[in-house]
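**Q** In the working numbering, the protein residues as written are 32 to 617. Can you read through this structure? Questions will come right after.
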């Protein structure tokens, strides 16, 4: 049995993927380091790495006590003094010295419960991995680990220490299950590498596995007491229906020597859904002729929610219409979303990352001034002229600012951009239209089908003497000559029906009581319920026509207006009268 156990433990230790994310939300009622303050001790010989690691630890664990030492020669005494929750060692530099320090830590009676994490290169060789594991290291952390992995790994290791501190309490709980001392020892040897929010074991009976022991924060996580779950003989009844097949494959259908890890959902009696990371191992007790499954369940609901929020933010940024970039504090771009690539006309983000933001603007000096303003004042917004990959330019609306961590330290700069070239052109066209509208000698208007003017240009006030406000507040028929009302209403009906009207004339009353003749061209827009009109003051023209007609009719000499008719060769062949005065007829 001991040989089986040792082979299982070695298999777990040799598989970094098993230890890489051992926990994200371990609950130990007697000691929970995440509700207090973590104490993290790191030994890093390289000064640059030391500063970077200390900054990263402060960012990820802002409320924790961080101790970063450059000299590991006095590592044991420092560790005893600080009593940290987690110790980080650097395998990138001084490999042998740090491996020896790890060995000393793991053999010291006061320190051997403290998890040791080695920061390693991505391509660490097998020989180095073996040496580190033989020295007692608990897990590896890649130098390329992102912030989430960094956070989860250290948090998990800290909780392992908490579990180690409470091992005696856990053991007392196990003893209440009324199993033999040999079984307790066997379970704890197996579960020592699988410390988690709650643990369980199953024995194969009648060709099926039945749960015979469960301990930990069972009721808090599942909503069911251990007794309720033991009564059901399997905790599969709380598994989400969509995850039942995964539960069966990863838990109850394991064969001897097989281990599995999966993430699945459970449903509490209240209907609340929790996520669990389930780590299981099936062993065979040859002496007793039975198979036993040992498992640990970690509540990862918090981590899943965190990952979902991050994913949503990432999708939002990636899907944004506006271009978005982030850069180092010196302006070196380290992220660009698809909209940036499209607006600037590039094919791939690799053409952008690593270049300075100043390179993407027509006037580099102006862009540099903007960057300096952001560094000094924290933000800037305005317009800049961008340069596309093909050399063409466009006008961008820019909003940029510094990004601060929880401590107020600037960690990067971010900016968003919108191509407003077309908008600027449209704006210029509108300004031109406004100038034409405001300075036109003709009387321009927009009138509603409800009989009220909506918009009037200044020519109306100049021509009739009424203020714009006076004319907008009253129906236009209030200004029409009484003798022209019927004709005006008929024309309105024609326009409302969708027809255009040209050279319709009626009289409008001036503020001084006089009337002026207006000649109208009107065009309806039925979908908007309005008509656009152009009116021209033809009062003088009408007066001239009346005077001419009077003169024409009162002339003593005969006078006629006629039209000549020509053939295709231009010879006059006929004519016809258009108008004759009375004297001509006489």
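Beta carbons: idealized from backbone N, C-alpha and C, even for Gly. This one's a predicted model, so the numbers in the text were calculated from it and none came from an experiment.
Do residue 71 and residue 109 count as a contact pair if the criterion is CB distance below 8 Å?
**A** no
**Q** What are the start and end residues of the alpha helix (DSSP H) that includes residue 286?
**A** Where residue 286 is concerned, there is no enclosing alpha helix (DSSP H), given that its DSSP letter is neither H nor E.
**Q** At what residue ranges does the region 495–541 contain a whole run of the beta strand (DSSP E), taking only runs of 3 or more?
**A** 532–540
**Q** Taking just the CA atoms, how far does residue 306 sit from residue 334?
**A** The straight-line gap from Cα to Cα measures roughly 9 Å.
**Q** Any chance you could list the beta strand (DSSP E) runs of at least 3 consecutive residues sitting entirely within the region 132–193, in chain order?
**A** Taken in chain order, the unbroken stretches of beta strand (DSSP E) that lie wholly in the region 132–193 and span 3 residues or more are 147–151, 170–173.
**Q** With respect to the beta strand (DSSP E) encompassing residue 450, which residues constitute its N-terminal and C-terminal limits?
**A** 441–450
**Q** Only counting the same chain, and skipping five residues up and downstream in sequence, which positions put a Cβ closer than 6 Å to that of residue 118?
**A** If the five residues before and after residue 118 are omitted, its C-beta is found closer than 6 Å to the C-beta atoms of 72, 145, 147, all from its own chain and listed in chain order.
**Q** Would you say the region 440–453 touches the region 538–555, given that touching needs at least three Cβ pairs under 8 Å?
**A** No, they do not touch.
**Q** Go to residue 425, then tell me how far its beta strand (DSSP E) extends in each direction, as first and last residue.
**A** Taken as a continuous stretch (DSSP letters only), the beta strand (DSSP E) holding residue 425 covers 424–435.
**Q** Would you tell me roughly how many angstroms separate the C-alpha atoms of residue 175 and residue 363, rounded to the nearest one?
**A** 19 Å
**Q** Could you spell out where the beta strand (DSSP E) holding residue 330 opens and where it closes?
**A** 321–330
**Q** Using a 10 Å radius around the Cβ and a threshold of 16 neighbouring Cβ atoms, would you call residue 491 buried or exposed?
**A** buried
**Q** By Cβ distance, which residues of its chain are closer than 8 Å to residue 423, with the 5 residues on each side in sequence left out?
**A** Once the five neighbours on either side are set aside, the close Cβ partners of residue 423 are 376.
**Q** Have a look at 567, 114, 283 and flag the residue whose alpha-carbon is nearest the alpha-carbon of residue 493.
**A** 567
**Q** With respect to the alpha helix (DSSP H) encompassing residue 112, which residues constitute its N-terminal and C-terminal limits?
**A** 106–113
**Q** To the nearest angstrom, how far is the alpha carbon of residue 558 from that of residue 529?
**A** Taking the straight line joining both Cα atoms gives about 10 Å.
**Q** May I ask which residues mark the beginning and end of the alpha helix (DSSP H) holding residue 368?
**A** Segment: none, residue 368 is in no alpha helix (DSSP H) and carries neither H nor E.
**Q** Any contact between the region 325–339 and the region 349–362? By contact I mean 3 or more CB pairs, one from each, below 8 Å.
**A** Short answer: they don't touch.
**Q** Name the one or two DSSP bridge partners that residue 241 has.
**A** 234
**Q** In the DSSP assignment, find the unbroken beta strand (DSSP E) run with residue 292 in it and report its ends.
**A** 290–298
**Q** Using the C-alpha atoms, what's the distance from residue 454 back to residue 57?
**A** Here the model assigns residue 57 a pLDDT of 33, short of 50, so the residue's position is not dependable and the matter cannot be decided.
**Q** Which of the three DSSP states is assigned to residue 57 in this structure?
**A** Confidence at residue 57 is low in this model, with a pLDDT of 33, below 50, so its placement is unreliable and the value that follows should be read with caution. Residue 57 falls in the coil class under three-state DSSP.
**Q** Sort 439, 281, 251 by Cα distance to residue 289 and report the nearest one.
**A** 281
**Q** Helix, strand or coil, according to DSSP, for residue 543 in the structure here?
**A** coil
**Q** Can you list, in chain order, the residues of its chain whose CB lies under 6 Å from that of residue 473, leaving out five sequence neighbours each side?
**A** 565, 567
**Q** Can you tell me which of 560, 536, 173 puts its alpha carbon nearest to the alpha carbon of residue 569?
**A** 536
**Q** Could you give the C-beta distance for residue 87 and residue 181, rounded to a whole number, given that I count them as a contact under 8 Å?
**A** 7 Å
**Q** Rounded to whole angstroms, what is the Cα-Cα separation between residue 140 and residue 164?
**A** 19 Å
**Q** Can you give me the Cβ contacts of residue 416 inside the same chain, cut-off strictly under 8 Å, excluding the 5 residues immediately before and after it?
**A** 392, 393, 394, 424, 425, 426, 427
**Q** Please name the residue in 130, 243, 388 whose C-alpha comes closest to that of residue 418.
**A** 388
**Q** Should residue 104 be labelled buried (16 or more other beta-carbon atoms within 10 Å of its own) or exposed?
**A** exposed
**Q** What do you reckon, are the CB atoms on residue 247 and residue 229 nearer than 8 Å?
**A** yes
**Q** Alpha carbon to alpha carbon, what distance is there between residue 299 and residue 74?
**A** 44 Å
**Q** What's the C-alpha gap between residue 523 and residue 596?
**A** 40 Å
**Q** Using only the alpha-carbon positions, how far apart do residue 271 and residue 236 sit?
**A** 25 Å
**Q** If we ignore side chains and look at the alpha-carbon of each, how far apart do residue 286 and residue 373 end up?
**A** 53 Å
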